[in-house]
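Worksheet: one structure, shown below.
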Amino acid sequence: MPKAIAGPSESTPGILQRVDGEERLAAAGDWTLAHYATLCREVERWRGAETLELAQVQRLDTAGVVLLARLLGVAQLRALAASDTSLSDERRALLRMVCDALDKAEQQPVRQQTTLLGDGLAGIGQAVQLNLQNLVGLLGFIGLTLTVAARVALRPGRWRVNALMSQIQNTGLNALPIVALLTFMIGAVVAFLGATVLDAFGASVYTVDLVAYSFMREFGVLLAAILVAGRTASAFTAQIGSMKVNEEIDALRVQGFDPAEWLVLPRVLALLITLPLLAFVGLLSGLVGGGLVALLSLEIPLGRIMAIYRDVPLQHFLVGMGKAPVFAFLIAVIGCREGFRVSGSAESVGQHTTSSVVQSIFVVILVDALAALFFMEMGW
Amino acid sequence: MSDKRECLPEPGEAIIQVRGLQNRFAEHVVHEHLDLDVMQGEILGVVGGSGSGKSVLLRSIVGLVRPSGGEVVMLGERLDQLSERRRVLLERRCGVLFQQGALFSSLTVTQNVALPLREHLKLSPADAEHLAAVKLALVGLPAHAGGLSPSELSGGMIKRAALARALALDPDILFLDEPTAGLDPIGAAAFDQLLLTLRNAFGLTVFLVTHDLDTLYTTCDRIAVLSGKRVLVADTLSVVEQTDDKWIRDYFHGPRGRSAQLAKHSAREA
Numbered sequence: 001m002p003k004a005i006a007g008p009s010e011s012t013p014g015i016l017q018r019v020d021g022e023e024r025l026a027a028a029g030d031w032t033l034a035h036y037a038t039l040c041r042e043v044e045r046w047r048g049a050e051t052l053e054l055a056q057v058q059r060l061d062t063a064g065v066v067l068l069a070r071l072l073g074v075a076q077l078r079a080l081a082a083s084d085t086s087l088s089d090e091r092r093a094l095l096r097m098v099c100d101a102l103d104k105a106e107q108q109p110v111r112q113q114t115t116l117l118g119d120g121l122a123g124i125g126q127a128v129q130l131n132l133q134n135l136v137g138l139l140g141f142i143g144l145t146l147t148v149a150a151r152v153a154l155r156p157g158r159w160r161v162n163a164l165m166s167q168i169q170n171t172g173l174n175a176l177p178i179v180a181l182l183t184f185m186i187g188a189v190v191a192f193l194g195a196t197v198l199d200a201f202g203a204s205v206y207t208v209d210l211v212a213y214s215f216m217r218e219f220g221v222l223l224a225a226i227l228v229a230g231r232t233a234s235a236f237t238a239q240i241g242s243m244k245v246n247e248e249i250d251a252l253r254v255q256g257f258d259p260a261e262w263l264v265l266p267r268v269l270a271l272l273i274t275l276p277l278l279a280f281v282g283l284l285s286g287l288v289g290g291g292l293v294a295l296l297s298l299e300i301p302l303g304r305i306m307a308i309y310r311d312v313p314l315q316h317f318l319v320g321m322g323k324a325p326v327f328a329f330l331i332a333v334i335g336c337r338e339g340f341r342v343s344g345s346a347e348s349v350g351q352h353t354t355s356s357v358v359q360s361i362f363v364v365i366l367v368d369a370l371a372a373l374f375f376m377e378m379g380w
Numbered sequence: 001m002s003d004k005r006e007c008l009p010e011p012g013e014a015i016i017q018v019r020g021l022q023n024r025f026a027e028h029v030v031h032e033h034l035d036l037d038v039m040q041g042e043i044l045g046v047v048g049g050s051g052s053g054k055s056v057l058l059r060s061i062v063g064l065v066r067p068s069g070g071e072v073v074m075l076g077e078r079l080d081q082l083s084e085r086r087r088v089l090l091e092r093r094c095g096v097l098f099q100q101g102a103l104f105s106s107l108t109v110t111q112n113v114a115l116p117l118r119e120h121l122k123l124s125p126a127d128a129e130h131l132a133a134v135k136l137a138l139v140g141l142p143a144h145a146g147g148l149s150p151s152e153l154s155g156g157m158i159k160r161a162a163l164a165r166a167l168a169l170d171p172d173i174l175f176l177d178e179p180t181a182g183l184d185p186i187g188a189a190a191f192d193q194l195l196l197t198l199r200n201a202f203g204l205t206v207f208l209v210t211h212d213l214d215t216l217y218t219t220c221d222r223i224a225v226l227s228g229k230r231v232l233v234a235d236t237l238s239v240v241e242q243t244d245d246k247w248i249r250d251y252f253h254g255p256r257g258r259s260a261q262l263a264k265h266s267a268r269e270a
């Protein structure tokens, strides 16, 4: 029967001691990884010793040999392994192997010296350059997508209807409940906010106008877009990214299929269809949320609320909904592009998924701000 | 002279004993009444057709799969009956090389090897990285490879780096799952030699799951054949070769088996 495990507690740490009238140094005990700290101190104490007896050493492993080499120097230890005939062949082989490895390990290149200021400036420069490259890359990818779309549009045989339907279900239908719920609650919040502020002017009836205008022009589409950016852009990146890691993209390419046509187009098209619908649902649901607060909490009659909603000029609705396809295109393109930028590892999938969500939300809000400015100047 | 392997069984005694092992996944029975001994200091090659449960056997010995029946005794202890602390101690004495390497992709190669040293033994980062660099040199990786991330390595380098990580804590038993799969013949031969050298220098016991006939012929002391949910035969190559079983005949005396055999004999004559 094998004996029980000898854990660190059951072995004796190695020591160095003088033998034969203080003339020679001998190592004894276990020179193993488990006693590394003890052995380190021991080696420091006798640093610079010239010769050593190893016959008393009980157990020895690579870590032990590394420490012995620190004590004696690699060359000295190798000479010892070659000359000391009291050692078993196995042990001499171990000493030789680790000595060779130590020689190789010592040749590691030295790291470059850096300064704090230099590093900081270099970091800023690098970040700016990366962002510029990223922007150029994104524009390139948008161009590629449009070219592929134009090429495929005239050939219905190459439309990937199944993929499109499945993407519509994933990005649209499955997102419906969360978009409706969230916009409903934001609608209620805007109404409460309006009530609080407008009440001071005795104009709490304008709460309904606030809700109506804000949701038609901005919130309906913006909230839906931000939700979709978080939900769908990340999914696109993770899907395409793990295909990239798995070399599936390369497999498509060598079989003569265009990954942009197979993977990007259905996703972009699906989002172009679903995001406007989601934005519309979000708009309605926000109006319901705000209206409900007005009805129940501010006691504005239902007929009045409906009349205000009905009297909002059509242009506000169009201004809001017009932005939806733009957002949809940007979100889908960014999500897909980040997926294609994944390289190699699982960690890279995570990085690019984060990056795709951050980028798409940023772009959505940026475009929305620019659009608000433009529409205001145009007086729409 | 007292030896490093003092606390281990004598050479020729069993370091791992598998008795009546049963593994079942839902209705699918992989192992039934499986017995196997791994002797101290040997390289045991485990072969078997695809789906014969080689990897599952490895995983149930190291405790990644909980067997549905039977027992596995390693170094005199049953892994499933140990307290958490003893179990960790025992696990630290095993090194495992997974089929795909399973290097942590967020760490550099050196950090991968240094991780168990730092976490289990509380070595300082400098000490741990130095030891890791030695381990990487031991398995034959160039010095600059340490700073690379696993995704930048070639297949052969990944196997070597994973071997360095498996050896990080100077284990007594090394488990290798298809170490030469996906390597070119030169790389595979070099890996076989490396394995022999390491075994001889460290007195390792090696549990080697493989499909590679050349590896079997050049490195293994004994071979265990998995077939029909149990170990059909576990013995030296010459005995296994002569066993009267269809699968074994096809395996060792098929065209590939014969050429590996020839290669070994001609190498011996030269």
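Chains A and B supply the protein sequences, listed in that same order.
Per full-length UniProt numbering, the very first residue in the first sequence carries number 1; after that it's consecutive.
Per full-length UniProt numbering, the very first residue in the second sequence carries number 1; after that it's consecutive.
Ideal Cβ positions, reconstructed from N, Cα and C, are used throughout, including at glycine.
- Could you give the distance in angstroms between the alpha-carbon of Leu39 (chain A) and the alpha-carbon of Leu44 (chain B)? If I take the Cα positions, the gap works out to 34 Å.
- Label Gln255 (chain A) either buried or exposed according to how many other C-beta atoms from any shown protein chain fall within 10 Å of its C-beta, with 16 as the threshold for buried. By the 10 Å Cβ count, Gln255 (chain A) comes out exposed.
- Distance between Leu265 (chain A) and Ala224 (chain A) (C-alpha atoms, nearest Å): Each residue's alpha carbon lies about 21 Å from the other.
- Message: On the criterion of 16 or more Cβ atoms from any shown chain inside 10 Å, does Leu132 (chain A) qualify as buried, or is it exposed?
- Response: exposed
- Message: Using beta carbons (cut-off 8 Å, strictly below), is Leu272 (chain A) in contact with chain B?
- Response: Leu272 (chain A) does not count as touching chain B.
- Query: Taking DSSP as the reference, what is the three-state secondary structure of Ala4 (chain A)?
  - Reply: Residue placement at Ala4 (chain A) cannot be trusted, given a pLDDT of 43 that sits under 50; what the coordinates show is reported in the next sentence. Of the three classes helix, strand and coil, the one that applies to Ala4 (chain A) here is coil, per DSSP.
- Message: Please report whether the beta-carbon of Gly203 (chain B) lies at a distance below 8 Å from any beta-carbon of chain A.
- Response: yes
- Item | DSSP-derived helix/strand/coil call for Gly95 (chain B) | strand
- Task: Output yes or no for whether 8 Å exceeds the beta carbon distance between Val349 (chain A) and Val245 (chain A).
- Result: Taking 8 Å as the Cβ cut-off, Val349 (chain A) and Val245 (chain A) qualify as a contacting pair.
- Message: Which same chain residues end up closer than 7 Å to Leu198 (chain A) when comparing Cβ atoms and leaving out the 5 residues on each side of it in sequence?
- Response: Cβ within range, chain order: Ser204, Tyr206, Thr207.
- Task: Taking only the alpha-carbon atoms, compute the straight-line gap between Gly70 (chain B) and Leu21 (chain B) and give it to the nearest angstrom.
- Result: C-alpha separation (whole angstroms): 4 Å.
- Message: Quick check on Ser83 (chain B) - is its C-beta less than 8 Å from some C-beta in chain A?
- Response: Ser83 (chain B) does not count as touching chain A.
- When the Cα of Glu42 (chain B) is compared with those of B:Arg78, B:Ala166, B:Phe202, which residue comes out closest? With distances taken between Cα atoms, Glu42 (chain B) lies closest to B:Phe202.
- Go ahead and pull the three-state DSSP assignment for Ile300 (chain A). coil
- Item | Inter-residue Cα distance where the pair is Ser343 (chain A) and Ala133 (chain B) | Answer to the nearest angstrom: the Cα atoms are 27 Å apart.
- Item | Outcome for Gly379 (chain A) when other beta-carbon atoms lying within 10 angstroms are tallied against a minimum of 16 | exposed
- Count the other CB atoms within 10 Å of the CB of residue 302 (chain B); is the residue buried (16 or more) or exposed (fewer)? There is simply no residue 302 (chain B) to check, as chain B begins at 1 and stops at 270 in what is shown.
- Does Ala164 (chain B) come within less than 8 Å of chain A when only Cβ atoms are used? no
- Message: Given a cut-off of 8 Å on the beta-carbon distance, is the pair Leu57 (chain B) and Arg230 (chain B) in contact?
- Response: In this structure, Leu57 (chain B) keeps its C-beta atom at 8 Å or more from the C-beta atom of Arg230 (chain B).
- Message: Quick check on DSSP: helix, strand or coil for Glu71 (chain B)?
- Response: strand
- Message: In the DSSP output, which residue or residues are listed as bridge partners for Val209 (chain B)?
- Response: B:Val46, B:Asp177
- Item | Backbone secondary structure at Leu34 (chain B) - three-state DSSP | strand
- Task: Could you have a look at Arg24 (chain B) and say whether DSSP puts it in helix, strand or coil?
- Result: strand
- Could you spell out the range, first to last residue, of the alpha helix (DSSP H) harbouring Ala132 (chain B)? 125-138
- Assign Ala234 (chain B) to one of three DSSP states: helix, strand, or coil. strand
- In or out: Leu318 (chain A) buried (at least 16 other Cβ within 10 Å) or exposed? exposed
- Decide if the stretch 321-338 of chain A is in contact with the stretch 231-240 of chain A; the criterion is three or more beta carbon pairs, one per stretch, under 8 Å apart. The stretch 321-338 of chain A and the stretch 231-240 of chain A touch, with no fewer than 3 CB-CB distances between them shorter than 8 Å.
- Query: Mind pulling the chain C residues with CB within less than 8 Å of Ala346 (chain A)?
  - Reply: Protein chains in the displayed structure are A and B, and chain C is not among them.
- What does residue 398 (chain A) touch in chain B if you count any residue whose Cβ is under 9 Å from its own? Because chain A here runs from 1 to 380, residue 398 (chain A) falls outside it and cannot be looked at.
- What residues in the stretch 38-65 of chain A have a beta carbon less than 8 Å from any beta carbon of chain B? Cys40, Ala55, Gln58, Arg59, Leu60, Asp61, Thr62, Ala63
- Message: Tell me whether the stretch 288-295 of chain A and the stretch 207-217 of chain A touch, counting them as touching only if at least three CB pairs, one residue from each stretch, are closer than 8 Å.
- Response: yes
- Considering only C-alpha positions, which residue in the set A:Val65, A:Ala270, A:Leu54, A:Val357 is nearest to Ser86 (chain A)? A:Leu54
- Task: Would you please verify whether the beta carbon of Arg97 (chain A) is less than 8 Å from any beta carbon of chain B?
- Result: A quick correction: the sequence has Met, not Arg, at residue 97 (chain A). Yes, its Cβ sits closer than 8 Å to a Cβ of chain B.
- Query: Cα separation between Glu129 (chain B) and Ile15 (chain B)?
  - Reply: 31 Å
- Item | Proximity below 8 Å, CB of Leu67 (chain A) to CB of Val98 (chain A) | The beta carbons of Leu67 (chain A) and Val98 (chain A) sit no closer together than 8 Å.
- Task: Compare the C-beta of Asp250 (chain B) with all C-beta atoms of chain A and state if any pair is closer than 8 Å.
- Result: Using beta-carbon distances, Asp250 (chain B) does not count as an interface residue toward chain A, since no partner is under 8 Å.
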